[in-house]
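Numbering (the working numbering), first residue to last: 1 to 381.
Structure representation (structure tokens):
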């Protein structure tokens, strides 16, 4: 038996890598396969093969024109897809047309599978934005022929239905929720805080850079962390889920701080297993990156979100914690808002621990439903 997985992998984005890691674990639990029976289409085939022990082929083959890229990718990779018993498209926020690539690319893989009579599933994905007619059409066609469709939040389901997807759409949460770990020990007096940042509007990362917006973000983060350190006796550790870009922005934030000597930066590429260790060592995680929040919740660590993207807000809504979700405008407008929210969390520490454990257990059970969707897509095991 052979299983294929395609998504946004091999980019040193360890949020996405945690999704891949979790899907590989689920596949091996559901089907009689070993690592070598699994193929992952990746942006870094050598890294993916070495890290997970799987087969790996390029996600796409870049040509001078976008349409030529997709045609060549289709022709070249269809021969691999045709050998699969199941193709898993997901997870991650790939059902979108924001970068004018994702919808076309993953739609091409859906057609490779359909035209090879290979069942495929759209698995634990985020949907949106879908602002173009061609993007909406491609995603709608992809969903029409999928064996089943699952998404990570209710908003993604609502969007797919809005663009005309008729098939049932299951909400299972993010596949990385299956990486849950029991946490037995909590500090009586919380002190250790981990923080993830994002290169918000940095020209080296963002689709359209904006120096002024980047400066406002780094300044407001620096002021809020300074205020936090003034009010609370805490230890701050910056960590990255996208390396090295996240480390760069944390250094820019640190430079603007008055108490820069009171923060430490983990300047390393944290693989999923190591990320789980790092967030599990914290008492609280202040997360900007979505998967810093997801992996912290996996380890039953309380979180405070700073939302740079609708997917962060949607996640906090999913776990009924919107009151612990700040916007970029919030932190720019109020230098003390992070300190106040953390103070509220500390003041209700015992209740927060119980709530966090309940959230972690619930989203883990929802994510585990994905294994049944894999089974249902394959007629003969």
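Beta carbons are placed, not taken as given, at the ideal position from N, Cα and C, and that holds for glycine.
The alpha-carbon of residue 217 is positioned some 19 Å away from that of residue 340. In the structure shown, residue 148 falls within a strand segment according to DSSP collapsed to helix, strand and coil. The beta carbon of residue 164 sits closer than 7 Å to those of 140, all from its chain and outside the five residues before and after it, given in chain order.
Each residue's CA atom was taken as its position, placing residue 316 and residue 150 some 19 Å apart. In terms of Cβ geometry, residue 363 and residue 286 do not form a close pair [threshold 9 Å]. The beta carbon of residue 130 lies closer than 8 Å to those of 95, 96, 97, 103, 136, 139, 159 and 163 in the same chain, with the five residues before and after it left out. In this structure, residue 6 keeps its C-beta atom at 9 Å or more from the C-beta atom of residue 134. Beta-bridge annotation (DSSP): residue 284 is paired with 193. Minimum Cα-Cα distance from residue 266 among the listed residues 226, 19 and 249 corresponds to 249. With contact defined as three or more Cβ pairs closer than 8 Å, the region 229-249 and the region 277-293 are in contact. For the region 90-117, there is no continuous beta strand (DSSP E) assignment of 3+ residues that stays within its boundaries. The beta strand (DSSP E) runs lying completely inside the region 167-229 and spanning 3 residues or more are 169-171 and 192-196, given in chain order.
Counting along the chain, residue 74 sits inside no beta strand (DSSP E); it lies in the alpha helix (DSSP H) bounded by residues 66-81. Residue 238 is bridged by DSSP to 195 and 265.
Rounded to whole angstroms, the separation of the alpha carbons of residue 219 and residue 333 is 11 Å. Excluding residues up to 5 positions away in sequence, 246, 249, 288, 289 and 308 lie with their Cβ nearer than 7 Å to the Cβ of residue 198 in the same chain. For residue 294, DSSP assigns no beta-bridge partner whatsoever.
Counting C-beta pairs with one atom in each stretch, the region 268-278 and the region 320-335 have fewer than three that are closer than 8 Å, which means they do not touch. A distance below 7 Å between beta-carbons, with the five flanking residues on each side excluded, links residue 30 to the following residues of its chain, in chain order: 371, 374 and 375.
In the structure shown, residue 52 falls within a helical segment according to DSSP collapsed to helix, strand and coil.
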